[in-house]
Amino acid sequence: MTMTAQVAGAIPDSRGLNLYRADRDAAALFGFYLPEALFRHLAPHLDRLGALAGGPLDDLAATADRNPPVLHLRRRTGEDCAVVEKHPAYVEMERLAYSEFGLAALSHRGGVLGWPEPMPPSAKYALTYLFVQAEFGLCCPVSMTDSLTRTLKRYGDPALVERYVGRLTSLDVDALAQGAMFMTEQGAGSDVAATATLAEARGDGTWRLTGDKWFCSNADADLAMVLARSEPAPGLKGVSLFLLPKVRRDGLPNDFRILRLKDKLGTRSMASGEIRLEGAEAYLVGERGRGFHQMADMINNSRLSNGMRAAGLMRRATTEALFTACRRQAFGRSLIALPLMRRQLAKMLVSTEQARTMMFLTAEALDRANGGDPEAARLARILTPLIKFRACRDARRVTGDAMEVRGGCGYIEEWSDPRLLRDAHLGSIWEGTSNIVALDVLRAITRDDALPALRAHLDALLDQAGLDATLRDAFAAASARACAFAQDAARAGADTLARQAASALYHAVTAAGLAREAACAGLPHRAALARLVLIHRLAPRDPLGAPDDAALIDQVLDAAAGPA
Numbered sequence: 004m005t006m007t008a009q010v011a012g013a014i015p016d017s018r019g020l021n022l023y024r025a026d027r028d029a030a031a032l033f034g035f036y037l038p039e040a041l042f043r044h045l046a047p048h049l050d051r052l053g054a055l056a057g058g059p060l061d062d063l064a065a066t067a068d069r070n071p072p073v074l075h076l077r078r079r080t081g082e083d084c085a086v087v088e089k090h091p092a093y094v095e096m097e098r099l100a101y102s103e104f105g106l107a108a109l110s111h112r113g114g115v116l117g118w119p120e121p122m123p124p125s126a127k128y129a130l131t132y133l134f135v136q137a138e139f140g141l142c143c144p145v146s147m148t149d150s151l152t153r154t155l156k157r158y159g160d161p162a163l164v165e166r167y168v169g170r171l172t173s174l175d176v177d178a179l180a181q182g183a184m185f186m187t188e189q190g191a192g193s194d195v196a197a198t199a200t201l202a203e204a205r206g207d208g209t210w211r212l213t214g215d216k217w218f219c220s221n222a223d224a225d226l227a228m229v230l231a232r233s234e235p236a237p238g239l240k241g242v243s244l245f246l247l248p249k250v251r252r253d254g255l256p257n258d259f260r261i262l263r264l265k266d267k268l269g270t271r272s273m274a275s276g277e278i279r280l281e282g283a284e285a286y287l288v289g290e291r292g293r294g295f296h297q298m299a300d301m302i303n304n305s306r307l308s309n310g311m312r313a314a315g316l317m318r319r320a321t322t323e324a325l326f327t328a329c330r331r332q333a334f335g336r337s338l339i340a341l342p343l344m345r346r347q348l349a350k351m352l353v354s355t356e357q358a359r360t361m362m363f364l365t366a367e368a369l370d371r372a373n374g375g376d377p378e379a380a381r382l383a384r385i386l387t388p389l390i391k392f393r394a395c396r397d398a399r400r401v402t403g404d405a406m407e408v409r410g411g412c413g414y415i416e417e418w419s420d421p422r423l424l425r426d427a428h429l430g431s432i433w434e435g436t437s438n439i440v441a442l443d444v445l446r447a448i449t450r451d452d453a454l455p456a457l458r459a460h461l462d463a464l465l466d467q468a469g470l471d472a473t474l475r476d477a478f479a480a481a482s483a484r485a486c487a488f489a490q491d492a493a494r495a496g497a498d499t500l501a502r503q504a505a506s507a508l509y510h511a512v513t514a515a516g517l518a519r520e521a522a523c524a525g526l527p528h529r530a531a532l533a534r535l536v537l538i539h540r541l542a543p544r545d546p547l548g549a550p551d552d553a554a555l556i557d558q559v560l561d562a563a564a565g566p567a
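Following this line, the structure appears as structure tokens:
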């Protein structure tokens, strides 16, 4: 893919940029976190996906964003129906995501991209991290299909698993069964205990579901995980988890209707709707009355995916900002030479790289947890809400700052900035708002005893970072202070401190992770990123003082945008 020819004085246009190659740290980081043989195998696929994301895939995403799905409720012959018409651009992106790159299947089966075995989470997130830099909306159904498959395999009846997992992991888009999660109701959003949808056993191994689901993304999915009240017990104890197929066993459409599609701020390419269950046929998944506990596995997987998508959005926004700043002239100088612009870009890079580091650290923990390591499971339990909370909030700011770097053109729909900004607001809402997820960090400490695993992980990261004694002590002291603050807030039930505690832990973990990457991934400038996190996010400082960080900013920007 060749870059668009630039006319002197014209607005710099990044169309055709290979987003993998433009990201100076990507290859080294992916090589560090992926098994060596797997990285070598995936390298050409990552490069090709980077080229697609900066060119053809980005064009498809822009087209699908301008042409959202349409719901048809009746056929021209008079029959009722609920057909979601997707734009051809979205359908082509489905082919790329599900079939060509196997993003929903590669954790569950071999044969994706020519690799004989299921790939670890780090591979899935590395590939999707590139894909989402072009298209965010489709990555929600991709994530839900992957997460539904994981939850069904973990809790579903073996016969149910055998019936559906092959379709859920198919690389043939015509045979593929896409997944979804129908949980939210008008009176039961974050408060799942208020779920009112009713489930009635039919005596033949199936259940009838009746009620309304208020926000159902990928509304026409072939399979959905649904929470419904199956027991007379109040609260969460009466809620069970069900698998809802789009088509009944007799081959007829199931008894539910899509009432309308949502007109959303972002993720416009993907259909979210309101669904009325009218005695729909469904299958119990897992233990009766334990639905939320079982659904939490799918929710947590989706939360991690949300954090990964936020990281990808920030990376795309920052790549665009760096591209513009290096090529746009103002006041006789390149934008990137202007001191205040350098500070703005450095702040964007810090948040962007924190999120990527946290994405891979959580993927590492999840991989070990999947292998049966209980300490890793506790670590993944707390890292997941941390990335969902902080990275998703940071994405809203970073995408807005990137729009400013491009200036007036950044506000125009011809460019990627408006779409990135709209999509960035999703992460802080879906699968738990910021308040809910911050409180979940405290629950991970009190209910799951996850903080000792996090402390041990911080120590291990700092040990591997090879810092000199003075700097090691500074990072260790900041980490200890963050852990103590979170511990005290959790023990005291101080909900008002939950967001502060979650941010502190996120910054401590990412600072240590960045420092380790500097030493172990051959990326010494990431030590400067780690120190900027320490100075600006963890250490006490005078808000009116002038920070002594110019040399660190130079290291960060020289590595990100200096001569290749």
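In our numbering, the protein residues as written are 4 to 567. Just so it is clear, CB atoms sit at the ideal spot from N, CA and C, and this is done for glycine as well.
Top-ranked residue by Cα proximity to residue i, from the options
i	options	result
lysine 350	Asp404, Leu364 and Met298	Asp404
valine 195	Arg271, Gly413, Gly241 and Arg211	Gly241
cysteine 143	Ala126, Met273, Ala483 and Ala129	Met273
arginine 381	Ala368, Lys391 and Ile390	Ala368
alanine 459	Ala85, Ala515, Asp557 and Val135	Ala515
arginine 425	Ser337, Ala333, Arg399 and Val444	Arg399
glycine 2	Leu508, Arg346, Lys391 and Glu97	This structure gives no information on residue 2, because the portion of the chain shown stretches from 4 to 567.
histidine 48	Ala285, Ser193 and Lys127	Lys127
alanine 598	Thr80, Leu423 and Val444	The requested residue 598 does not occur in the structure, where the chain is confined to residues 4 to 567.
alanine 427	Pro237, Leu517, Gly310 and Arg446	Gly310
isoleucine 461	Ser482, Asp452 and Ala447	Residue identity check: residue 461 is leucine in the sequence provided, not isoleucine. Checking every option, the nearest Cα to that of leucine 461 belongs to Ser482.
leucine 37	Ser125, Leu287, Asp215 and Met228	Ser125
leucine 151	Pro91, Ala394, Gly192 and Asn221	Asn221
leucine 45	Asp253, Lys249, Phe104 and Thr148	Phe104
aspartate 451	Glu290, Gln181 and Ala493	Ala493
Range covered by the beta strand (DSSP E) that runs through residue i
i	result
valine 87	83 to 88
arginine 232	226 to 232
cysteine 412	First-last for cysteine 412: undefined, no H or E at that position.
alanine 204	201 to 204
aspartate 215	210 to 220
Residues of its chain near residue i, where Cβ-Cβ distance is below 6 Å and the 5 sequence neighbours each way are ignored
i	result
glutamate 378	Ala456
arginine 359	Ala314
threonine 213	Leu201, Leu280 and Gly282
methionine 4	With a pLDDT of 42 at methionine 4, under the threshold of 50, the modelled position of that residue is not reliable, and the figure given next carries that caveat. So the qualifying residues of the chain are Gly19, Ala54 and Gly58.
proline 550	none
leucine 109	Val115, Met122 and Lys127
Same chain, Cβ closer than 7 Å to residue i, neighbours up to 5 away in sequence not counted
i	result
threonine 387	Asn303, Arg306, Leu307 and Thr365
alanine 584	Given a span of 4 to 567 for the chain in the structure shown, any question on residue 584 remains unanswerable.
tryptophan 217	Thr187, Glu188, Gln189 and Glu277
valine 353	Leu532, Leu535 and Val536
glutamate 88	Pro72, Val73 and His75
alanine 567	Its pLDDT being 48, under 50, alanine 567 is placed unreliably by the model, and nothing is read from it.
For residue i, the residue or residues it bridges with in DSSP
i	result
methionine 569	No answer is possible for residue 569: it lies beyond the span of the chain, which begins at 4 and ends at 567.
tyrosine 286	Leu246
histidine 75	Val86
proline 256	Val250
alanine 333	Arg336
glycine 276	Cys219 and Leu264
alanine 191	Glu188
glutamate 281	Thr213
Residue span of the alpha helix (DSSP H) that contains residue i, given as start and end
i	result
glutamate 296	Rather than glutamate, the amino acid found at residue 296 in this sequence is histidine. Its alpha helix (DSSP H) spans residues 294 to 330.
phenylalanine 363	342 to 373
valine 176	Element bounds for valine 176: n/a, residue is neither H nor E.
glutamate 103	From DSSP, glutamate 103 is part of no alpha helix (DSSP H); its letter is neither H nor E.
proline 421	420 to 427
glutamate 165	161 to 171
aspartate 557	553 to 564
proline 59	59 to 69
glutamate 434	First-last for glutamate 434: undefined, no H or E at that position.
aspartate 1	No information on residue 1 is available, as it lies outside the stretch 4 to 567 that the chain covers here.
alanine 25	22 to 25
glycine 34	29 to 36
alanine 92	91 to 97
Contacts around residue i, its chain only, beta-carbon distance under 8 Å, and the 5 residues preceding and following it disregarded
i	result
glycine 113	Pro119, Glu120 and Pro121
alanine 328	Ser337, Leu338, Ile339, Met344, Leu348, Val408 and Ala564
phenylalanine 488	Leu500, Gln503, Ala504 and Ala507
methionine 96	Leu60, Leu63, Ala64, Ala67, Glu138, Leu141 and Ser272
phenylalanine 326	Pro15, Ser17, Leu20 and Ala25
Tell me the start and end of each unbroken alpha helix (DSSP H) in the region 112 to 157 that is at least 4 residues and wholly inside, in chain order. 124 to 134
Taking only runs that begin and end inside the region 449 to 486, name each unbroken alpha helix (DSSP H) of 4 or more residues, in chain order. As far as the region 449 to 486 is concerned, its whole alpha helix (DSSP H) runs of at least 4 residues are 454 to 468.
My parser needs the alpha helix (DSSP H) runs of 4 or more residues fully inside the region 515 to 543; what are they? 529 to 536
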